Amino acid sequence: LALLLDGKADVHCQDGQGRYLVHLWSWNLPKSRTSAKEELKKLSLLARHRADMNSQLPATGDTALHVLARIFNALSRRTGDEDRRIDSKDCEKFLNNTSIRIQMLADAGASVSIRNSVGQVPLELVEARFWPSLKALGGSAAAAAAAGYAAVSVQSAASCTS
529 LALLLDGKAD
539 VHCQDGQGRY
549 LVHLWSWNLP
559 KSRTSAKEEL
569 KKLSLLARHR
579 ADMNSQLPAT
589 GDTALHVLAR
599 IFNALSRRTG
609 DEDRRIDSKD
619 CEKFLNNTSI
629 RIQMLADAGA
639 SVSIRNSVGQ
649 VPLELVEARF
659 WPSLKALGGS
669 AAAAAAAGYA
679 AVSVQSAASC
689 TS
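Mapped onto our numbering, the consecutive letters of the sequence shown carry residue numbers 529 to 690.
Here it is as structure tokens:
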């Protein structure tokens with residue numbers, strides 16, 4: 529990636545489905561610390577080369593934060609599904625890394641207030657009970673309580689600790 533971007537590759541290019549580099553970055557789920565560090569380097573490269581952290585997919589209007597919010601919600605829901613439990617260590621790694629990636633993207637300048645084509649901001653794609661784990665998106669225990677949900681953090685998700 530560094531070689532391409534340093535060689536003046538178009539950081540705003542899209543693939544055949546309209547996905548930008550930042551969207552492709554958001555779909556990659558690192559499991560190890562080494563992989564997570566490499567992903568941070570890639571995001572830093574994209575930011576340094578002025579990639580649009582708020583680019584939206586043509587079909588859905590989703591930004592990379594929307595994509596990560598959907599992934600976070602799916603992983604969080606899956607941890608509580610008794611019939612489809614994933615290994616607790618994998619669960620913790622994927623959930624924690626997704627939460628970290630959301631924070632990294634927000635720190636790189638991605639807006640938490642952009643609405644997709646159906647009018648949702650990224651936080652609205654996550655069940656309210658998981659909001660306290662997503663402070664980078666504006667989630668909090670108070671917001672979850674106001675929405676009528678008991679807070680569930682990444683660390684206390686049912687099958688992540690069992």
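Backbone N, C-alpha and C define an ideal beta-carbon position, used for all residues, glycine too. All figures in this text were calculated on a predicted structure; none of them were measured in a lab.
Asked, Found
"Whose C-alpha, out of K569, V640 and S641, is nearest the C-alpha of W553?", "K569"
"Does the beta-carbon distance from V539 to M581 come in below 8 Å?", "no"
"Strictly by DSSP, which residues pair up with Q542?", "Y548"
"Restricting to runs no shorter than 4 residues, where is the alpha helix (DSSP H) found entirely within the region 615-651?", "616-635"
"Sort T607, N625 and L573 by Cα distance to A564 and report the nearest one.", "N625"
"Determine the closest residue to D590 out of A634, I642 and G667, with distance taken between C-alpha atoms.", "I642"
"Please report the Cβ distance between A634 and A592, rounded to the nearest whole angstrom; I am assuming they are in contact, meaning their Cβ atoms lie under 8 Å.", "The Cβ separation is near 10 Å, so there is no contact."
"From the DSSP output, in three-state form, read off R578 for me.", "coil"
"Are the CB atoms of A597 and P650 nearer to each other than 8 Å?", "yes"
"Could you tell me if the beta carbon of A575 falls within a distance shorter than 7 Å of some heavy atom in the ligand SAM?", "No copy of the ligand SAM appears in this structure; indeed no ligand is present at all."
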